[in-house]
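K.L.:
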Amino acid sequence: MSRVQGAAPLVEVSGLRVHDGDRELVGAVDLRVEPGDRVGIIGESGSGKSLTALSMLGLLPHPLRASGTVLVGGTDMVSGAGRAGDRVRGSTVTAVFQEPLTSLDPLMSVGRQIAWPLTRHRGLRGRELRTAVLDALSDVRLPDPERVARSYIHEISGGQRQRVAIAIALACRPRVLLADEPTTALDVTVQAGILDLLDTAVRERGMALVLISHDLAVVSRITDRVLVMRNGRGIEQGPVARILTAPADPYTEQLVASARALEAHLPPAPAGSPSGEGPA
Amino acid sequence: MSDPRILGADAGTAVREAQRPPRPRGVRSINLVAGAVLFGVIVLTALVSLVYTPYDPAETTGGRLSPPSAEHPAGTDVLGRDLLTFLMIGARLAIAVGIGSVAISAVLGVTIGLVAAFASRWVDDAVSSLLDIAIAFPTVLLAMLIVAWRGASLESAILAIGLAGSAVVARLTRIVGTRVLSEAYITASRTAGTTTARMLVLHVLPNVWPTLVVPFALQFGGAVVAEASLSYLGLGSPPPNASWGRLLQEAQSTVLVAPLGAVLPGVLLVVTIVGINLLADGLRDVVDPSSRSGR
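From first to last, the protein sequence lines stand for chains D and Z. Take the first sequence: its letters are residues 16 to 295, numbered as in the numbering used here. Take the second sequence: its letters are residues 39 to 333, numbered as in the numbering used here.
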């Protein structure tokens, strides 16, 4: 992976706090993402992982307020929620969310939903656009792209929907992809396929990845560095290998231990086990 | 029937119906077909009246209040004018009232509703309160004000009904629009850099639209009835360009001698309203692809 030395970081989060009125939901999170980095954010429900991601996108829901520094590609996403934010979103940073059923428009065909970012960010039209839409669908290894492009999301399966969501995100050609629990709503067999897809898509395009999950196994599988969050605070950050073998914080230790305990209860996986993903 | 609260109740029913689980396929298509046939007859009559009517509406050669005959299939009115001709013209006026007032309601109502949905809470609250007041304002009073300003005419009636209906449409659009804006796919689309204006065209309008189609169709029927009420009160235009409501009023003094003059416009009103309501019911399944096949 190419790492641009000396350049400003792609994403710089420092001292991020998120408030709901007087209540502090996220307190003092620091995170740097360089081009090509693969960072995991891990923590239990309500630990502030998703709010951190939404802050990076400048898309916190209405009454919530962010403070601190969030620079994405040099743009301040804390204050620059308006036009500046629209320019950064899609071209520099984009996201894939947990529930593909609700994060895709139910009344727009899959093809049109992919076509829009291609038009906006790459200026494609007409025949070029059609080809690019089908390419985007085959890039995420969807079978029969022509049919999928014509479908509405209620006509395809959960795993296929998430592939479509990833295709839309990749179509923007962003420099960093935020994946917020991208496999949590999916069957275990489908999860593996989606993680593989994210892994290779990001690697091939030299993009940075921020993967948010409550699942240590998922995070450790495709990221190099991990931020552990709890109660809205970043409590530990470091390389995956170090976090797994020598966690510094007692909470991290607990997380790793419970993940290992869970693993120990399962018989070892047979080599080359298939991961299927059928139609709805 | 001119009470705007009744129009409001119709819109409320439509929202509830839109949320109901789909009925068996057969029942739906019967509604759609029956509605299309009934309403189609009225539309066809209106279209024919544009190129052909049995008599000139001003022609008074039929004899006063003559019963149905070969020359005058529906009889004549008190001045000896052909009633069938009036009924055909009435169909044209009914369609014009429906289309005109729904168009006014749609443009005004959807615009106001979307502004309220997108706006900050302060603006939204202000708009919502104004809408509540507007909805409480009686259509007949509004119509009388407009007639006092512009004179009794079909256009005045359309304007009054359209304005009264737009408040209902605005409130419905605001509710549905707010719900759509809180959907995850709106946030997801923002992450791809979609601007607010784009969002409106790309995701909000298409997702608000299916919920509005049924109320619009119901409002079409309501508008025809409302215009009939206004005409019956004498706020519509007199023959030869009379709506069915005005024909009812004309016939009321002679209803015991020549009942057909009152019965026929009434029957046509019922056919129109029943037709459009059945059509509205069937239409819902056509506009919403997600209700076409269960997932």
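Just so it is clear, CB atoms sit at the ideal spot from N, CA and C, and this is done for glycine as well. Note that the coordinates shown come from a computational prediction; the quantities given were computed from them, not determined experimentally.
Name the residues in the region 237–254 of chain Z whose C-beta lies less than 9 Å from a C-beta of chain D; which are they?
P.N.:
Per Cβ criterion, the list reads 240, 241, 244, 245, 247, 248.
K.L.:
What does residue 252 of chain D pair with, by DSSP beta-bridge criteria?
P.N.:
According to DSSP, residue 252 of chain D bridges with D/242.
K.L.:
Would the beta-carbon of residue 115 of chain D fall within 9 Å of that of residue 168 of chain D?
P.N.:
Contact: yes.
K.L.:
Go ahead and pull the three-state DSSP assignment for residue 53 of chain D.
P.N.:
It is a strand residue.
K.L.:
Residue range of the beta strand (DSSP E) that residue 136 of chain D falls in?
P.N.:
Element bounds for residue 136 of chain D: not the beta strand (DSSP E) but the alpha helix (DSSP H), 125–137.
K.L.:
Less than 6 Å between C-beta atoms, sequence neighbours within five positions excluded: which residues of the same chain meet that for residue 336 of chain Z?
P.N.:
As displayed, chain Z neither begins before 39 nor continues past 333, which places residue 336 of chain Z out of reach and without an answer.
K.L.:
I want to verify the contact list: residues of chain D whose CB lies under 8 Å from the CB of residue 233 of chain Z, in sequence order.
P.N.:
Within chain D, the residues near residue 233 of chain Z are 98, 101.
K.L.:
Should residue 223 of chain Z go down as buried or exposed, given a rule of 16 or more other Cβ atoms within 10 Å for buried?
P.N.:
Buried: at least 16 other Cβ atoms inside 10 Å.
K.L.:
Could you list which residues in chain Z have their beta carbon closer than 9 Å to that of residue 104 of chain D, in chain order?
P.N.:
Those are 228, 229, 230, 231, 232, listed as they occur along chain Z.
K.L.:
Put residue 319 of chain Z into one of helix, strand or coil per three-state DSSP.
P.N.:
The answer is helix: DSSP assigns residue 319 of chain Z an H, G or I state.
K.L.:
List the endpoints of the continuous alpha helix (DSSP H) containing residue 199 of chain Z.
P.N.:
Where residue 199 of chain Z is concerned, the enclosing alpha helix (DSSP H) stretches over 192–219.
K.L.:
For chain Z, check one thing: does any of its Cβ atoms lie closer than 9 Å to the Cβ of residue 114 of chain D?
P.N.:
Yes - at least one Cβ of chain Z is within 9 Å of the one on residue 114 of chain D.
K.L.:
Taking 9 Å as the CB-CB limit, is residue 211 of chain Z close to chain D?
P.N.:
By this cut-off, residue 211 of chain Z is not an interface position.
K.L.:
Does the CB of residue 223 of chain Z have a neighbour CB from chain D at under 9 Å?
P.N.:
With 9 Å as the cut-off, residue 223 of chain Z counts as an interface residue toward chain D.
K.L.:
Report buried or exposed for residue 188 of chain Z, applying the criterion of at least 16 other Cβ atoms within 10 angstroms of its Cβ.
P.N.:
With fewer than 16 Cβ atoms within 10 Å of its Cβ, residue 188 of chain Z is classed as exposed.
K.L.:
Is there contact between the region 204–213 of chain Z and the region 53–67 of chain D, where contact requires at least three CB pairs shorter than 8 Å?
P.N.:
No, the region 204–213 of chain Z is not in contact with the region 53–67 of chain D.
K.L.:
Using a C-beta to C-beta distance shorter than 8 Å, which residues of chain Z count as neighbours of residue 119 of chain D?
P.N.:
In chain order: 223, 226.
K.L.:
So, are the CB atoms of residue 266 of chain Z and residue 286 of chain Z less than 9 Å apart?
P.N.:
Going by C-beta atoms, residue 266 of chain Z is nearer than 9 Å to residue 286 of chain Z.
K.L.:
State yes or no: is the C-beta of residue 70 of chain D within less than 9 Å of the C-beta of residue 103 of chain D?
P.N.:
Not closer than 9 Å, so no.
K.L.:
Between the region 126–148 of chain D and chain Z, which residues of the former have a C-beta closer than 8 Å to a C-beta of the latter?
P.N.:
Answer in chain order: 131, 132, 135, 136.
K.L.:
Have a look at residue 310 of chain Z and residue 175 of chain Z and give me their C-alpha separation to the nearest angstrom.
P.N.:
So the two alpha carbons sit approximately 26 Å from each other.
K.L.:
In terms of alpha-carbon separation, which member of D/143, D/113, D/148, D/68 lies closest to residue 130 of chain D?
P.N.:
Here the closest residue by C-alpha is D/148.
K.L.:
Thinking just about the alpha-carbon of each residue, which of Z/324, Z/219, Z/316 is nearest to the one in residue 154 of chain Z?
P.N.:
Among Z/324, Z/219, Z/316, the Cα nearest to that of residue 154 of chain Z is on Z/219.
K.L.:
Per DSSP, residue 68 of chain D is paired with what?
P.N.:
None, per the DSSP bridge assignment.
K.L.:
Could you list which residues in chain Z have their beta carbon closer than 7 Å to that of residue 123 of chain D, in chain order?
P.N.:
Within chain Z, the residues near residue 123 of chain D are 244.
K.L.:
Taking the beta carbon of residue 143 of chain D as the centre, do at least 16 other beta carbons fall within 10 Å, making it buried, or is it exposed?
P.N.:
Exposed, by the Cβ-count rule.
K.L.:
Does the beta carbon of residue 31 of chain D sit closer than 9 Å to a beta carbon anywhere in chain Z?
P.N.:
It does not: the Cβ of residue 31 of chain D has no partner Cβ on chain Z nearer than 9 Å.
K.L.:
Contact criterion: CB-CB distance below 9 Å. Does residue 74 of chain D meet it with respect to chain Z?
P.N.:
Yes - at least one Cβ of chain Z is within 9 Å of the one on residue 74 of chain D.
K.L.:
Cβ of residue 299 of chain D within 9 Å of Cβ of residue 163 of chain D?
P.N.:
In the structure displayed, chain D extends from 16 to 295; residue 299 of chain D sits before or after that span and is not available.
K.L.:
Kindly indicate which residue of Z/98, Z/132, Z/205, Z/122 has the alpha-carbon position closest to the one of residue 192 of chain Z.
P.N.:
The candidate whose alpha carbon is nearest that of residue 192 of chain Z is Z/132.
K.L.:
Are the C-beta of residue 314 of chain Z and some C-beta of chain D separated by less than 9 Å?
P.N.:
Taking Cβ atoms only, chain D never reaches closer than 9 Å to residue 314 of chain Z, which makes this a no.
K.L.:
Run the CB neighbour count on residue 160 of chain Z, radius 10 Å, all protein chains shown included, and call it buried at 16 or more, exposed below.
P.N.:
Counting Cβ neighbours within 10 Å, residue 160 of chain Z comes out exposed, since fewer than 16 surround it.
K.L.:
Measure the alpha-carbon distance for residue 184 of chain D versus residue 48 of chain D and round it to whole angstroms.
P.N.:
Cα to Cα, the separation comes out at about 18 Å.
K.L.:
Using a Cβ-Cβ cutoff of 7 Å, what residues of the region 213–227 of chain D are near chain Z? List them in chain order.
P.N.:
Cβ contacts with chain Z: none found.
K.L.:
Report all residues from its chain with a CB closer than 6 Å to the CB of residue 260 of chain D; omit the five preceding and five following residues, and keep chain order.
P.N.:
Excluding residues within five positions, none has a Cβ falling inside 6 Å.
K.L.:
Over the uninterrupted alpha helix (DSSP H) stretch that includes residue 186 of chain D, give me the two end residues.
P.N.:
Run containing residue 186 of chain D: 173–186, per the alpha helix (DSSP H) assignment.
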